[in-house]
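To start, the structure under review is shown below, and the notes come after it.
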Amino acid sequence: MNQAIKRVWVALTAMFLICLGALSYIQFFNAETLNDNALNKRQLFREFDLPRGAILVDGKPIAESVETDDGQFNYQRKYTDPELYAHLTGYYSLANGTTQLESELNDWLTGSSSDLLFDRLAGMFTGQKAEGASVELTIDGKLQQAAYDAIPDGLRASVVVTDPKTGEILSMVSKPTFDTNDLAVHSTSEAAKNMKKISEIDGLSPYVNPAIGDLVSPGSSFKILSTVAALESEHYDMNTVIKNPASVNYPGSSNTMNNFYEGICGRRSEATLEFIFAQSCNTPYMEISQKLGLEKFADVTERFGFGQQLDIPQSVTPSQFPTKYITAAQLAQMAIGQYNNKVTPLQMNMAAMAIANDGVIMKPNMVKKVTAPDLRVIEEPKPEKFSTATTPEVAADLKSLMKGPVQSGTAMNAAVPGVDLRAKTGTAQVKTLEDGTPIVNSWITGFAPADDPQVAITVTIQQVDYNTGHNTAGAIMKKMVEAVFNK
53 MNQAIKRVWV ALTAMFLICL GALSYIQFFN AETLNDNALN KRQLFREFDL
103 PRGAILVDGK PIAESVETDD GQFNYQRKYT DPELYAHLTG YYSLANGTTQ
153 LESELNDWLT GSSSDLLFDR LAGMFTGQKA EGASVELTID GKLQQAAYDA
203 IPDGLRASVV VTDPKTGEIL SMVSKPTFDT NDLAVHSTSE AAKNMKKISE
253 IDGLSPYVNP AIGDLVSPGS SFKILSTVAA LESEHYDMNT VIKNPASVNY
303 PGSSNTMNNF YEGICGRRSE ATLEFIFAQS CNTPYMEISQ KLGLEKFADV
353 TERFGFGQQL DIPQSVTPSQ FPTKYITAAQ LAQMAIGQYN NKVTPLQMNM
403 AAMAIANDGV IMKPNMVKKV TAPDLRVIEE PKPEKFSTAT TPEVAADLKS
453 LMKGPVQSGT AMNAAVPGVD LRAKTGTAQV KTLEDGTPIV NSWITGFAPA
503 DDPQVAITVT IQQVDYNTGH NTAGAIMKKM VEAVFNK
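Reminder that position 130 of the sequence shown reads as 182 in the numbering used here, one-by-one numbering, no gaps.
Spelled out as structure tokens, the structure:
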């Protein structure tokens with residue numbers, strides 16, 4: 053063969069193989085990445101012409117695709133009670149992509165899941181458009197509405213209600229919120245305008261579900277875990293008398309840890325955990341933290357779920373209890389829920405779940421069942437254990453201690469006659485205003501009834517003055533308990 057022709061042949065063959073390889077890589081190996089790329093609108097355009105599955109609560113759609121005659125696409129995504137469910141459903145938008153459950157459940161909702169392969173194959177022969185599956189949530193619509201109504205407008209707050217025996221999420225609400233229909237419009241310019249308006253709402257991100265995405269200092273609600281650590285150790289039991297000074301210096305510092313000056317901790321210079329826990333005294337936890345050390349706290353927080361990835365199926369931001377380069381003073385602060393101890397509202401709900409369920413945390417879950425277009429159930433998640441957070445004996449001790457705040461301590465305003473609520477409050481100071489007003493995160497987390505827990509309830513209010521936060525968190529808890537038990 054002529055040498056020149058041979059070289060041309062080799063070059064052409066090489067280029068053919070390169071093109072074939074690139075095409076194969078794109079079609080087979082990189083297809084999913086390209087489809088999921090936020091800049092790739094082709095997949096989204098195709099999906100807008102398909103009947104997307106519904107997201108259901110109590111058998112009724114809170115998100116569904118309805119036929120439209122606007123000339124652009126065959127279907128329009130419609131949200132019912134959008135402000136109530138915005139942080140759960142997220143949105144399905146031509147201009148802004150998809151978020152939250154609309155994103156996490158996309159394979160089922162579009163019918164592209166492997167569970168619906170035969171439905172897609174059947175559609176090829178019948179000529180029918182492939183329909184997506186419907187997803188029923190574990191959310192109780194009445195409790196969702198009660199939580200929404202219980203949070204006063206103008207506050208940045210979240211409420212989480214779960215079944216501690218199964219992990220099912222019965223309610224998850226946050227304010228401020230927004231109308232997801234504003235982002236589901238077909239007009240990209242209108243959607244962009246609406247997104248700008250929504251993004252300007254103080255305390256709101258349309259991309260984040262605060263109940264699982266916001267990391268907040270837990271304050272004294274974290275004392276549930278600190279007390280677990282104490283009782284698991286050889287140093288403390290329910291009868292141990294612990295020093296309870298009004299203030300105590302942090303190790304190696306002239307700065308002090310103080311008990312709340314308006315509380316009644318000052319009535320006892322030493323006390324057992326029953327009094328300390330009920331009145332949420334701080335200074336005893338200085339001694340506890342120094343005696344137990346960082347390793348013990350790290351072990352307990354890991355068992356309760358800190359630092360672990362969790363999908364419900366929304367992706368939950370892992371809570372943080374730093375374990376590197378922590379001084380003794382910083383550990384003391386973290387033992388009372390301050391410094392860089394940061395949690396999601398769901399995390400503190402899981403703490404309540406653990407105590408209610410004899411030390412076992414069931415995996416939080418929001419999906420009840422997935423149903424194919426022919427009404428065939430293709431997925432029905434079963435209760436799943438997440439972790440053993442502590443022993444049944446220690447959980448029983450905490451269950452006893454959590455009676456104190458409701459009966460005679462910091463959670464008295466959450467009490468509901470006829471319901472044995474167990475709870476722990478928390479206040480974490482964020483900053484101080486120029487006039488001296490402390491701005492705090494307020495918490496209350498607990499469960500009821502004590503002898504047979506049906507629900508774990510957590511309330512979080514972010515960046516509010518102390519009196520508003522403390523009084524409102526307890527009031528919201530009370531309303532939720534009344535809603536659950538029809539009081």
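Positions of the beta carbon are idealized from the N, C-alpha and C atoms, including for glycine.
Closest by C-alpha distance to residue i, when choosing among the options
| i | options | result |
| --- | --- | --- |
| isoleucine 364 | Gln506, Thr141 and Tyr131 | Thr141 |
| tyrosine 200 | Val211, Phe230, Ile253 and Ile221 | Val211 |
| asparagine 401 | Leu485, Ser257 and Lys476 | Lys476 |
| leucine 325 | Leu450, Thr308 and Met309 | Leu450 |
| phenylalanine 537 | Tyr518, Gln506, Thr524 and Gln515 | Gln506 |
| alanine 298 | Met290, Thr292, Asp289 and Thr308 | Thr308 |
| asparagine 233 | Phe349, Gly359, Asn246 and Cys333 | Asn246 |
| glutamate 183 | Ala502, Ser239, Ala535 and Ser164 | Ser164 |
| tyrosine 391 | Pro374, Gly478 and Ala406 | Pro374 |
| arginine 129 | Asp110, Tyr137, Ala106 and Leu136 | Ala106 |
| glutamate 119 | Cys317, Met338, Leu102 and Gln382 | Leu102 |
| threonine 479 | Asn519, Thr440 and Gly456 | Asn519 |
| threonine 489 | Gln515, Ser117 and Thr443 | Gln515 |
| threonine 147 | Val395, Thr240 and Ile250 | For the sequence presented, residue 147 should be read as alanine rather than threonine. Among Val395, Thr240 and Ile250, the Cα nearest to that of alanine 147 belongs to Thr240. |
DSSP three-state assignment for residue i, whether helix, strand or coil
| i | result |
| --- | --- |
| serine 164 | coil |
| isoleucine 203 | coil |
| valine 237 | coil |
| alanine 209 | strand |
| serine 269 | coil |
| alanine 508 | strand |
| alanine 441 | coil |
| valine 533 | helix |
| isoleucine 528 | helix |
| glutamate 431 | strand |
| alanine 147 | coil |
| threonine 232 | helix |
| glutamate 252 | coil |
| methionine 338 | helix |
| leucine 133 | According to the sequence displayed, residue 133 carries aspartate and not leucine. In the structure shown, aspartate 133 sits in coil (DSSP, three-state: anything other than H, G, I, E or B). |
| methionine 386 | helix |
| aspartate 363 | strand |
| valine 458 | helix |
| valine 468 | strand |
| methionine 67 | helix |
Euclidean distance between Cα positions of residue i and residue j
| i | j | result |
| --- | --- | --- |
| glycine 570 | valine 225 | Outside the modelled stretch of the chain, which goes from 53 to 539, sits residue 570, for which no answer is possible. |
| lysine 530 | glycine 304 | 42 angstroms |
| alanine 202 | isoleucine 513 | 12 angstroms |
| leucine 173 | tryptophan 160 | Because leucine 173 sits at a pLDDT of 47, beneath the cut-off of 50, its placement in the model cannot be relied upon, and the following sentence gives the value as read from the coordinates. If you take the alpha carbons of leucine 173 and tryptophan 160, they lie about 16 angstroms apart. |
| glycine 357 | glycine 345 | 19 angstroms |
| histidine 1 | phenylalanine 327 | The shown model of the chain, from 53 to 539, leaves out residue 1, and the question about it has no answer. |
| valine 45 | aspartate 517 | Outside the shown range of the chain (53 to 539) lies residue 45, about which nothing can therefore be said. |
| alanine 384 | alanine 508 | 28 angstroms |
| arginine 104 | glycine 219 | 28 angstroms |
| alanine 380 | alanine 281 | 16 angstroms |
| serine 494 | serine 273 | 9 angstroms |
| alanine 527 | cysteine 333 | 22 angstroms |
| serine 257 | alanine 115 | 20 angstroms |
| threonine 510 | threonine 497 | 4 angstroms |
| lysine 415 | alanine 406 | 11 angstroms |
| valine 260 | threonine 151 | 9 angstroms |
| aspartate 231 | tyrosine 143 | 9 angstroms |
| isoleucine 430 | threonine 229 | 32 angstroms |
| alanine 467 | glutamine 459 | 8 angstroms |
| asparagine 310 | leucine 485 | 20 angstroms |
| isoleucine 316 | glutamine 331 | 7 angstroms |
Paired residues, beta bridge with residue i - DSSP
| i | result |
| --- | --- |
| valine 492 | Gln481 and Val516 |
| glutamine 372 | Lys394 |
| proline 113 | Leu108 |
| tyrosine 127 | Glu119 |
| serine 186 | Thr423 |
| serine 223 | Val213 |
| valine 352 | Per DSSP, none; premise fails for valine 352. |
| isoleucine 413 | Ser439 |
| isoleucine 474 | The sequence shown places arginine at residue 474, not isoleucine. In DSSP, arginine 474 forms a bridge with Phe499. |
| alanine 323 | Ile294 |
| asparagine 310 | Ser299 |
Supposed contact pair residue j and residue i - C-beta distance, whole angstroms, cut 8 angstroms
| i | j | result |
| --- | --- | --- |
| alanine 352 | leucine 398 | Checking the sequence shown, residue 352 turns out to be valine, not alanine. Valine 352 to leucine 398, Cβ: 18 angstroms. No contact. |
| glycine 470 | lysine 539 | 6 angstroms |
| valine 237 | alanine 244 | 10 angstroms between Cβ atoms; not a contact. |
| threonine 190 | methionine 418 | 6 angstroms |
| alanine 424 | alanine 198 | The pair is not a contact, with the Cβ atoms about 32 angstroms apart (cut-off 8 angstroms). |
| leucine 267 | glutamine 372 | 6 angstroms |
| valine 109 | leucine 157 | About 14 angstroms; that fails the 8 angstroms criterion. |
| leucine 277 | alanine 403 | 6 angstroms |
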